[in-house]
Every structure is written in structure tokens, then in C-alpha cells.
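Take a look at the structure below.
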Amino acid sequence: MGVRILTAEIYHETNTFNIFPTDIADFENRYLLDGPAAIAARGDANTELAGVLDVAQLHECDITHVISASAGPGGRVTDSAFEALCAPLLSAAKSGVWDGVLLMLHGAMVTASYEDGEGEILRRMRAIVGPDLPIAVSLDPHANVTAVMCEQAQILVSLTTYPHVDSRMTGRRVAELLMRTISGEINPETVRAYRPMLEKANGGRTDIGPMVERQAMARAFEARKGVYAVSINGAFPCADIRDVGPTVLVTAEVALAGAQEIAEEIADDIWNKRADCLNTYLSVDEAALVARNWKGGSGPLIIADYADNPGAGAYGDSTALLGALLDADIQNACFGPLIDAEAAALLQKKSIGETVSLKLGGKTAPQYGGGPICVTGVIKWLGQGVVIGTGPIIGGQKRDYGATAVVQVGGIDILIVSIAHQMYDLNQFEMFGINPREAHVVGLKSMQHFRAAFGPIAGRIIVCDSGALCTVNYNLLDYQKVPRPIYPLDEVSSLSA
Ligand SMILES: [Zn+2]
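Below you can see the structure in the form of C-alpha cells.
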């Protein structure tokens with residue numbers, strides 16, 4: 053019999069400022085699958101699970117995968133949802149005999165009762181399997197990683213890219229380390245360095261800027277004897293919790309001299325370059341002006357609304373950018389997604405080709421990114437918004453927008469959906485009859501992931517901050533629990549690394 057490994061995938065990035073709790077229905081809306089269904093849907097795509105299965109096949113080990121669950125980033129996970137996600141995992145842990153456990157986690161889950169959702173999952177798992185069983189964890193680099201997580205798991209390995217295009221590769225890396233631990237070849241632990249920052253380290257970007265060199269440093273350190281993985285987490289700032297902020301993790305041989313120093317050296321670099329901002333955040337009016345003057349020719353102007361990214365727990369219904377583009381009378385443009393289930397449901401009762409007037413967006417929190425706007429336009433698409441990704445991040449994976457409509461208002465095709473997803477795949481437009489390649493201007497809601505698919509077709513990319521919930525103006529958010537002082541809320545002179 054092969055090595056027996058228990059695996060699960062439980063993913064949530066919790067924006068504690070989002071007023072809507074994340075319940076089990078929100079997981080069902082993205083995916084909530086038992087083991088066989090998860091392997092069928094996600095076992096051969098850009099997922100950590102696929103990478104784990106690659107390694108399992110190579111080593112002929114027995115994988116028992118119990119659950120794959122993910123909800124769109126949103127408010128705190130309810131206690132009932134959290135318990136429902138943990139139950140099949142913990143019951144499998146109790147009822148089986150295991151050589152190792154591998155959990156694929158995001159690493160920024162906050163629940164109604166636990167600030168550190170992943171720490172709690174790991175604490176419960178450790179209590180069942182005992183102090184010595186190898187536990188390995190893969191993480192999103194937007195993880196807020198706590199000391200508890202590092203105490204409970206020997207191996208923690210984060211993705212190295214943003215946009216996240218190396219999920220499968222990360223699954224392979226973490227599974228290989230688990231296999232080597234089970235075989236007795238290595239005996240790892242993970243140490244952590246932390247800096248008091250809300251800001252994602254240089255936006256977390258790995259396509260340009262200091263993170264490129266940092267990741268290269270990390271790979272170079274991994275060549276040292278006894279150093280197995282160096283993970284850099286830019287963190288997730290929209291969480292009002294004690295353990296918010298960037299961390300560097302070093303998974304190395306237990307008590308290896310120099311492991312903590314590696315983590316601190318990279319963390320120092322994050323700290324020292326904290327003010328190196330890689331994005332220029334335009335106001336919506338500045339963005340609309342750029343759109344007005346855009347000559348085109350080399351591909352569309354892409355305008356990303358950073359602040360209203362549903363992929364970071366913003367509501368996705370901010371109207372400030374759309375309103376500015378409509379006011380500027382931008383032609384041959386598309387915009388999406390605008391998350392407005394009420395409008396999408398109302399539109400389903402109409403017909404394609406019909407002219408409609410409706411109140412759009414801005415219904416959740418008008419103080420963040422603008423209130424509803426009244427528009428009149430022609431319906432161009434109606435139906436259930438199911439998309440299979442074609443790009444580098446979600447290629448082959450299904451996403452469901454729920455009831456969906458496209459309404460052309462002025463020169464802009466507006467994609468109106470019910471279930472929130474950020475824009476990170478061309479097919480999220482193409483499925484609904486919109487061709488972003490041929491557009492003059494594309495307005496979309498995403499911070500950075502859009503670059504993977506939209507970068508190659510773009511004539512130019514600009515980023516704006518509409519003032520929506522994920523604004524980089526953190527003073528607009530009511531942080532209560534983060535440790536003070538913290539950058540950038542407090543004067544730099546009062547801070548030390
Ligand atoms: Zn992420």
C-alpha cells in the first residue's frame with residue numbers, strides 16, 4: 053500500500069469591512085465539492101489540487117481528498133459555514149490512518165468567532181493527528197500568516213506569482229516536500245518574519261518591481277542545504293485583525309542556523325521599499341480623460357478599477373468609473389462586471405433588443421465609490437452567466453455569474469451580473485457577446501489578476517481608485533483591531549521594523 057495522504061481545499065479571503073457575511077451558499081456559488089467531484093472539476097487545471105495529484109501519481113501514493121470549497125472574497129465566514137467546511141475534513145482525519153495531511157488554504161479567512169480561520173483549522177487538525185504527523189499547507193500569497201499556523205504545520209508554501217499563474221506548480225512543490233518528510237529524508241519546520249504594514253508589499257506585484265528580485269532571492273536561498281521553501285506573502289490589507297500584514301516564511305530543517313535570518317532579510321527589503329508604489333492610481337475623472345484622448349490602434353485602453361475589485365471583497369457595484377466614462381461619452385467600450393443582482397433579475401423579465409431604463413449599481417454602500425446611476429440602454433444579452441475560463445489563471449475552470457445581462461448604454465456595453473467575480477479572463481466578456489480585443493476602451497474591476505489575460509491584448513493599461521471598499525486610501529476604513537502603529541496609517545517616524 054502506498055503512502056496515505058489526507059487532503060482538502062478550503063479557500064477564503066475575508067474582507068472584514070464587507071457587511072455581508074459569507075455563508076455556505078456563497079461557497080456553493082463558487083464551488084463546494086466532495087473529493088471525487090473536486091478531482092473531476094479541478095484535478096487537471098491551474099490548481100494546487102492538480103499539482104498535488106501530479107506528485108501523488110508519480111509516487112503512487114493514496115490521496116483521500118475530502119473537500120474543495122471556495123467562496124468569493126467577502127465578509128466574515130459564518131460559524132455555521134466554517135463548521136460545515138471543517139466537519140468532513142476532521143471526521144476523515146479521525147476515522148482514517150494517515151501518513152500525512154496536505155491542506156490547500158488561502159490564508160486570510162476570518163470567521164465570526166475566529167480571527168485566524170486557518171490557524172483554527174490547523175489547531176483542530178493537529179489535535180486529532182497528534183504532534184508528529186507531517187502537515188503541509190499551500191497558501192495564496194495574499195495570506196495573512198499567523199504564528200499559530202506556523203506552529204501547527206511543518207510545511208507552508210505560498211504561490212510565487214501575482215497574477216496567480218503557478219497554482220499547480222505550488223501544489224507540486226508542497227506535495228514533494230510532504231513526501232520527503234514522510235519518507236524521513238527531511239525534518240522541516242517553518243519560521244516566520246513579519247512587518248507592521250497594511251500595504252501589500254509593492255502591490256504584491258510579481259510582474260515588475262522589487263518583488264521580482266525578492267522572488268529571485270527566495271529561489272537562491274532555496275538552493276542552500278536544509279532550506280526547502282521560501283515564501284513571500286504580500287498579505288491582504290482589508291482585514292481588521294491583529295495578524296494582518298506581509299510575512300516571509302522559511303521552511304527549513306528543524307533548528308537550521310540562518311533560517312530566521314533569511315526570513316528577516318527579505319522582510320527587511322519589503323519594509324525598506326514599503327513606499328515604492330508600482331501603480332499610479334488615477335481618479336475616475338482622470339481615467340475618463342485618458343479614455344477620451346485615447347487614440348487606439350495598438351489594442352484597447354484597459355482601465356482597471358482597483359478599489360472595486362470583487363476579488364478582494366469589494367462589492368463590485370461601484371458606479372463612479374462607469375459614470376465618468378458615460379459622462380465622457382466614450383464609444384466602442386465595454387465595462388464589467390457590475391455586480392447588481394436586483395438589476396440582473398429585473399432584466400431577465402425583458403427581451404433582447406428592448407430599450408430599458410434602470411437604476412444601476414451603487415446600492416450597497418454609496419459612500420464607497422458612488423450611488424446608483426440611472427441609465428437607458430438596449431439589452432444585448434440575457435441569461436445564466438456560466439463561463440469556462442480560457443486564460444492562464446482559470447483556464448478550464450467554471451465560474452457562474454448567476455443571472456446576467458449586457459446592456460448597451462451610449463457607447464458602452466455594460467456586463468451586469470448577480471454573483472461577484474473579478475475580471476480575469478477574456479471569456480468573461482466573450483461569453484456574453486462582447487469582444488474586448490476589438491473594443492476601444494475596456495473598463496474592468498480587478499487589481500492585478502486581469503493583467504494575465506488582458507495584458508497581452510492591451511494597447512495601454514491604467515489603474516484607478518474609485519474610492520470603493522478596497523481603496524488604497526486606508527484612512528477611509530475604520531481599522532480597530534490592527535496593531536498600532538502600522539504603516540501607512542501611522543507616521544513612519546513612530547514605526548520600526
Ligand atoms: Zn491572491
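Per my numbering, residue 53 is the first one in the sequence shown, and the count goes up by one each step.
Idealized CB from N, CA, C, for every residue including glycine.
Note that the coordinates shown come from a computational prediction; the quantities given were computed from them, not determined experimentally.
Check, Outcome
"Contact test: residue 194 Cβ vs ligand 1 heavy atom, cutoff 6 Å", "yes"
"Test item: CB-CB of residue 300 and residue 315 under 7 Å", "yes"
"The stretch 73-89 contacting the stretch 383-400, beta-carbon criterion three pairs below 8 Å", "no"
"4 or more residues per run - each alpha helix (DSSP H) lying fully within the stretch 116-187", "131-147 and 169-181"
"Segments of 4+ residues assigned as alpha helix (DSSP H) that fall wholly inside the stretch 234-321", "262-273"
"Three-pair Cβ contact test at 8 Å for the stretch 161-172 versus the stretch 99-107", "no"
"Cβ separation of residue 284 and residue 270, assumed to be a contact under 8 Å, to the nearest whole Å", "6 Å"
"Per-residue burial, residue 436 [other beta carbons within 10 Å of its own, 16 or more giving buried]", "exposed"
"Cβ neighbours of residue 128 in the same chain (closer than 7 Å, five flanking residues each side left out)", "66, 68, 73, 74, 162, 163 and 164"
"Residues that DSSP places opposite residue 388 in a beta bridge", "496"
"Assumed close pair residue 466, residue 388 - CB separation to whole angstroms, cut-off 8 Å", "7 Å"
"CA-to-CA distance, residue 397 to residue 461, given in whole angstroms", "18 Å"
"Assumed close pair residue 360, residue 518 - CB separation to whole angstroms, cut-off 8 Å", "5 Å"
"Inter-stretch contact (C-beta, 8 Å, three-pair minimum) for the stretch 438-456 and the stretch 368-380", "no"
"Own chain, CB closer than 8 Å to residue 527, minus 5 neighbours either side, in chain order", "541"
"Secondary structure of residue 204, DSSP reduced to three states", "helix"
"Which of helix, strand or coil DSSP assigns to residue 480", "helix"
"Assigned secondary structure, residue 323 (DSSP; H/G/I helix, E/B strand, else coil)", "helix"
"C-beta contact flag for residue 82 and residue 148 at 7 Å", "no"
"Cβ-based neighbour list, residue 151, same chain, cut-off 7 Å, excluding 5 preceding and 5 following", "55, 56, 57 and 234"
"Euclidean distance between Cα positions of residue 537 and residue 515", "29 Å"
"Nearest candidate by alpha-carbon position, reference residue 96, set 223, 459 and 483", "223"
"Cβ pair residue 468, residue 392 closer than 7 Å", "yes"
"Best match in 296, 278 and 298 for proximity to residue 308 [C-alpha to C-alpha]", "278"
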